[in-house]
Structures are given as structure tokens and as C-alpha cells.
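In mature numbering (1 follows the signal peptide of the UniProt record, and there is no 0), the protein residues as written are -41 to -1, 1 to 431.
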Amino acid sequence: MPFRSNYRHEQANGRTRVSVRNAKKAAIAAFFLCPAPPAAAHEASGGLVLLLPTGNTMVGAAAAVAASALLLAIAPRLKSPRLVLPLRMPALPEMPVSVLSTLFVLMLIWIGRTGPDDPLSNPIGYGVWTLGWICMSLFAAVFGNPWPWCNPWTGLLALIGNRPRFALPEGAAGWIACGQFLIFAWIDLISPYNMDPERLAIYLAVYWAANLIAMALFGSTWFGRAEPLGLFFRLLGRLSSFGRDGHGRLTLTLPGARASEEPPPDRGETAFVLLALSSASFDGLADTFRWLTVIGVNPLEFPGRSEVEEANTIGLLGAWAVLSILYLGTVRAGEALAGVRVPGLAARLVVSLLPILVVFHAAHFTVRLIMDGQYLWRIASDPLVRGWDLFGTAHYHVSASMFSDPARVALVWAFQTGVITLGHIVGIAIAHAVAMRALPDPRRAVLSQLPLATLMVAYTVFGLWLLAAPKI
């Protein structure tokens, strides 16, 4: 996925609209054909091309993923080791933390409406996208699902003694989550107002209120399965190596081991995983010269998000459809090769895409986290925009100068390449474990995985191409 850290400004209707754009201009200027400033750039600035030698890296990463698939094919049934540590993890109370999260969300809404119009100074964008989306997703994948504590609803509902009165229809929750996540992704990836503080405050208020009402009516089913962030973090939490046994002791296992052991997602949740991965993929594709050329836009004279809303909306939906067809097609092809038909195999295997989703997420936002971390360090001294300087960082100068060093840029590229490759290897291992459980014959299980393994190798190359492709 692409570098993204700087914020690009677009003048429209007499006011400034700001959207998160590609960070290559700031992060890897030393490798570009055309120089670019390390800070925000106008939409009229020209496109840039990364000159890192990426071809060999793509081939090597694809070969590593293919080799891991081959090794698993000849390996016997393996049981993931599980280590129980003599360290008791007390159960943390959920309600107090959730109430604090409610207050945090309300504070963000208030600041978004009353604070500065500049998204670089208003905390709401960092609270929603950097902390609530990027950091929370990575935390869930590494340490486990934090949403039962950090969600801004359940604590408040528990305080008022709410009792749900209705039940969701069977199988509907996952599709509701898909609909909400599609809106979420559209705002993030396509809307020209995704970083506008006032608009973002409205989006956040509507999202919070709508799901609060739904949880009051439908209870925990809505929270765990129909609210998209709850479902997203719960699924990513399956990848964590950390857990607790029945006695409260800390347990460690291989990353992703629990993903193949827990009950499989239903059809709606399967579609949700495919939507999440396809939206992450399209996020990288939408800024490339190749995509802009396809939709008839000159990448060197990019007119701004508002001019490509319709094309990118079609592209987002198309990416979901294409990935779904490819995934379901490879599963069916695998069943044909194995000479068997396993009911629900696509739902069982979709968890193997979760590590790919996580590493796309991590690689996509590597540089943005470095940059946003500096902004958060500055905002921490004045979180309510009252002119405070609590920690002496209110006047901290945010800098992208570290990316002017070619060696550091190459290190970032190496990190992104490494996580992309590792995620696909873990995905292949999960798919192998699922197939071994679903098909008693090891030979048939291996044959059933060949098409999916091929797709994962191709997706490795695609992910690295997105990192290296020329972008606006």
C-alpha cells in the first residue's frame, strides 16, 4: 500500500477542504523524479515516481510466499504450540473504560464543531482516523480485541440499565456491518470532507447515535456482529498471540493460530472481510497514475477528490466485487482439484485473509503514523484547543526531514516489504490449518489449497506494486 502522511489542501467554495493524501511527496522526495516539499502540497502539483529498485523485491517476496506454501504442502498435520505463563491476567472491568470512551467521543464531536477549521490543528481527525482506526486495528491484531472496553456505547447503556427488546433476524448482522463499513470506507477514501473537522464531527455524531439506538434495541448481537468496528476488531483479535485460559493465566501461541480454531464467520461476515480487504487495496490503487489514467484523469493535473467521487465510488464497489469473485472462484477451483465439495469452506477459509488485511493496513499507514505521531505529540499539550501547553510540546515543529535520507527511506520500504510478505505467509499457514481440519485426507487438503495459494502469491506482488507505483 502507498505511503501516506502529508495533508493536501484543496480550495473550493471559498473555504479550505483538506483530505489525507499520498505521503510519498514528503516521505521519499529523495527518490522522486521531481522534487516536492516535505509538507502539505497543493492539488495542482505534479505527480511523482519512486525510483527504488523494487522489481527484485517483488520477485523475492512472491518466491518466499510460494516457498512457504510448498513447505506446508509437504508438512504433516502440525499443532500450534501453546505456552501458558505463570502470570495471571485479572479481568479488567469494561464499563468504566467504555464510559471514558463515550466522553472521549463526545469531546471529539464538540472540538470538531467548535475548534479550528485547520485539520492539522483540530484533534478530531487524529482521534477518529489515527487512534480510533489505524492504531486500534493494529492493537487488536497484536494484543487482542480492545473494543469491549474501548467502545463508546456499552458502558453508557449499562449505566442507564438498558434492556434490549428485539432480536436481529438470523444472518442479518454481518450484512448490516457491511453496509455501515461501506459508508465508513467511502468517507475515508472518497469523500472530499474526510478530514474537514466540522463534517467529520457530524459523521461521528451520526455514527455514534445510530449505533447507540440500535444497541439499545438489539443488545449484544448488534454490538458484536452488526456494528462494523466491533466486528472488525473482533475478527482481527483472532490473530493475536496473546490470550487467557480458564484460570486467568496469560497464554501465548503463534500469530493467527486461534483464527483457524474458532467458529467460522457466517456469509455476511465473510462478505465483510472481503469488503475490508478490497477497500484497503483500493485505497492504494486510487492514487496511482494507472488508475487515474483508466478513469480519464491526468495524474499530473489532479483536480481533487471532488472531481473523482463517482469514478472512485464505482471503483470501490468494483474492487469488492472483483476480490469476491477471485476468492470464491479459487475456493471452488480448489474443491474441484480435490474432488470434494465442503459446505461452508469459503467462510472457513476467509480468516486466512485477515493477516493480509492487517499487513496491508500496517504497510499502508507506516509513514502516516510517523507523521501523525508528531502531530499528536503537539496536540497532547492542548487537547481542548484552549491555548494550553501542558507538556511543553504545543509549539513542537512537525518535520518530515528524516525521510530526506535515502537510507531511511529504503529502511521504510524494507519494513513494508517484510510485513507484506510475512502477512501472506501467515495467511497461507492459516488456510493450510483450516483445510487440514475440513478435509480428512491430507492429499485432498493440499490440492484444495493450490488455487488459493496462487492467489496469495499474486496478491503479494500486487501489494508491493501498490507501494512502488507512481502516485499523485
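The beta carbon of each residue, even a glycine, is placed where N, CA and C say it ideally should be.
Comparing alpha-carbon positions, the option among Arg337, Ser360 and Ser358 lying closest to Phe350 turns out to be Arg337. Distances from the CA of Arg217 to each of His206, Gly196 and Phe231 were compared; the closest alpha carbon is that of Gly196.
About 4 Å separates the beta carbon of Ala292 from that of Pro410, a gap short enough to meet the 8 Å contact definition. Assignment of beta-bridge partners to Thr247 by DSSP yields Lys430. Each of Leu426, Met54 and Gly215 was checked against the Cα of Phe248, and the nearest Cα belongs to Leu426. In the DSSP assignment, Phe374 falls within the alpha helix (DSSP H) that extends over Pro365 to Ala397.
The region 91 to 138 is shown to contain whole alpha helix (DSSP H) runs of 4 or more residues at 95 to 102, 106 to 109 and 113 to 118, in chain order. For Gly84 against Leu159, the beta-carbon gap comes to about 6 Å, under 8 Å, which counts as contact. In the three-state reduction of the DSSP assignment, Leu236 falls in the helix class. Membership of Arg72 in the alpha helix (DSSP H) is indicated by the continuous run Glu53 to Thr73. Taking C-beta atoms under 8 Å as the contact rule, Met66 and Leu116 fail to qualify, at a distance of about 19 Å. Between the alpha carbons of Leu190 and Glu221 lies a distance of about 14 Å.
Ala22 and Gly298 have their C-alpha atoms spaced approximately 28 Å apart.
Straight-line spacing of the CA atoms in Gly277 and Ala270 works out to 10 Å.
Burial of Ala428 is indicated by the presence of at least 16 other C-beta atoms within 10 angstroms of its C-beta.
8 Å or more divides the Cβ of Thr113 from the Cβ of Phe177. Proximity to Glu129 across Asp225, Asn104 and Pro262 peaks at Asp225, based on C-alpha coordinates. Contact check for Ala239 against Leu316 passes: the beta carbons are separated by less than 8 Å. Within the model, the alpha-carbon separation for Val393 versus Pro187 is close to 25 Å. With contacts defined by Cβ atoms closer than 8 Å, Ala305 and Val290 form a contacting pair. Counting only the Cα atoms, Leu29 lies some 29 Å from Glu228. DSSP, reduced to helix, strand and coil, places Thr212 within a strand of the structure shown. Under the 10 Å beta carbon count, Ile273 is surrounded by fewer than 16 other beta carbons and is classified as exposed. Bounds of the beta strand (DSSP E) holding Gly202 are Phe201 to Arg203. Here Met17 really is in contact with Trp424; their C-beta atoms are around 7 Å apart, less than 8 Å. Residue state for Arg337 is assigned as helix, using DSSP reduced to three classes. Contact between Ala32 and Phe140 does not hold, since their C-beta atoms are separated by about 34 Å, which reaches or exceeds 8 Å.
The distance from the Cβ of Leu163 to that of Val87 is about 6 Å, consistent with a contact at the 8 Å cut-off. Sixteen is the threshold: when 16 or more other Cβ atoms of the shown chains lie within 10 Å of the Cβ of Asn110, as they do, the residue is buried.
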